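Residue numbers (this note's numbering): 7 to 269. Every residue, glycine too, gets a C-beta built ideally from N, C-alpha and C. Source: prediction; values computed, not measured.
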Ligand code: MF3
Ligand code: CO
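Set out below in structure tokens:
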């Protein structure tokens, strides 16, 4: 069942999203060579709690960490580890915040260090563009297929592959609610977007093929071929004025006619 949120709920989810976004903003300078993904997890967890929130992923279906930290060929649900990050690593940090009972969910990709890395740089740019194109389709009356179709069409010319094994989702009261919001799709098909729905858009883009293998921990998804994987995710509410991106970060510029800036 797809739930419709009240104005009060959307306001609460927006506050939750602002806290989440501020943590990603802080990670921009926190993540560097020599840090571990455990350091990232502790940093995120502390910042959530220092600001009155709780780490909503802990205990979700038995997951034990505040964050998923997925490095290079890890697609998603990476466990934090004590391995030191190195220049050129591609780290995806994904977490959910609960603030006063209201959820937000956002994954961001980070390159370790400032060195140029053609594949990582291109994947980050193209995946983020795919997310923005998807967000642009998140308007009342469109369907989830419109979102997947435009995202997939954007990454294909680069030879990249959307994962078919994961998808965006409705958010609230739990982390994964209807509808599913796949990363591929057919225009005009799938669940219709209505005012008051809150969903995530979170394309997972693979370098070499779409296929997944799951690690022995039962959670972590990796590319089957060792190729890189990149992901960006925002939470948004469908409003009559267009998508309200609850997790939008400082400095993000979106290719919208009406730019939903951070406020
Ligand atoms: N944040 C993830 C998502 O985008 C949720 C991960 S589920 C967890 O859907 F259990 F790993 F937390
Ligand atoms: Co999500």
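Span separating the alpha-carbon of residue i from that of residue j
i, j, result
"residue 23", "residue 116", "19 Å"
"residue 57", "residue 44", "20 Å"
"residue 121", "residue 46", "21 Å"
"residue 255", "residue 28", "7 Å"
"residue 202", "residue 90", "42 Å"
"residue 146", "residue 178", "19 Å"
"residue 240", "residue 221", "26 Å"
"residue 119", "residue 247", "38 Å"
Residue i Cβ short of 7 Å to the ligand MF3 heavy atom set
i, result
"residue 253", "no"
"residue 231", "no"
"residue 236", "no"
"residue 239", "yes"
DSSP state of residue i mapped onto helix, strand, coil
i, result
"residue 207", "strand"
"residue 103", "strand"
"residue 124", "helix"
"residue 22", "helix"
"residue 249", "strand"
"residue 115", "strand"
Bridge partner(s) assigned by DSSP for residue i
i, result
"residue 235", "212"
"residue 183", "176"
"residue 228", "80 and 219"
"residue 240", "207"
Near the ligand CO: residue i beta-carbon under 7 Å from a heavy atom
i, result
"residue 42", "no"
"residue 174", "yes"
"residue 206", "yes"
Discussion item. I'd like to know if the stretch 138-153 and the stretch 82-90 are in contact, where contact means that at least 3 CB-CB pairs between them fall below 8 Å.
Written reply: no
Worksheet item: So does the stretch 35-44 actually touch the stretch 228-244, counting three or more Cβ pairs closer than 8 Å?
Response: no
Worksheet item: If you pair each beta-carbon of the stretch 120-140 with each one of the stretch 191-200, do three or more pairs fall below 8 Å?
Response: Between the stretch 120-140 and the stretch 191-200 there are fewer than three inter-stretch CB-CB distances shorter than 8 Å, so the stretches are not counted as touching.
Discussion item. Taking contact to mean 3 or more Cβ pairs, one atom from each stretch, closer than 8 Å, check whether the stretch 100-108 and the stretch 155-167 are in contact.
Written reply: By the C-beta criterion, the stretch 100-108 is judged not to be in contact with the stretch 155-167, since fewer than 3 inter-stretch pairs fall below 8 Å.
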